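Student: So that we are looking at the same thing, I have put the structure below in structure tokens.
Numbering (this note's numbering), first residue to last: 859 to 981.
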């Protein structure tokens with residue numbers, strides 16, 4: 859059964875910055891086959907998207923369309939949610955201070971406001 863051709867199409871591709879992942883909907887065309895195993899799909903998607911570990915590709919919500927030959931599912935390429943990578947914590951205080959300094963100044967001088975504040979602290 860695995861020798862039959864399988865076509866994978868992606869749609870609704872987006873980079874989810876909040877969750878630090880890429881996610882998309884895939885359509886799998888598999889004429890002459892009942893359906894395609896998730897393990898096989900993981901391997902193919904890992905090769906397509908240059909993912910080092912196929913375990914970071916999660917395939918779920920799969921439905922085979924009536925009559926067979928086509929399945930649709932959802933794929934997030936995630937690293938953080940599943941403990942495969944750690945998120946780097948960044949300081950929010952500096953960003954907030956810069957934003958609040960920029961509020962007090964109007965026009966083109968806004969970009970110079972943060973630089974001037976940095977230069978003043980160095981002295």
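All C-beta atoms in this analysis are idealised placements derived from N, C-alpha and C, irrespective of residue type, glycine included.
Given the structure is predicted, the values throughout are model-derived calculations rather than measurements.
Over what stretch of residues does the beta strand (DSSP E) that includes residue 874 continue unbroken?
Tutor: Per DSSP, residue 874 is one residue of the beta strand (DSSP E) stretching across 865-874.
Student: Would you check if the distance between the CB atom of residue 933 and the CB atom of residue 894 is smaller than 9 Å?
Tutor: no
Student: What distance in whole Å lies between the Cβ atoms of residue 918 and residue 931, which are believed to be in contact at a cut-off of 8 Å?
Tutor: 6 Å
Student: Could you tell me the boundaries of the alpha helix (DSSP H) in which residue 963 lies?
Tutor: Run containing residue 963: none; DSSP gives neither H nor E here.
Student: Is DSSP giving residue 928 helix, strand or coil here?
Tutor: strand
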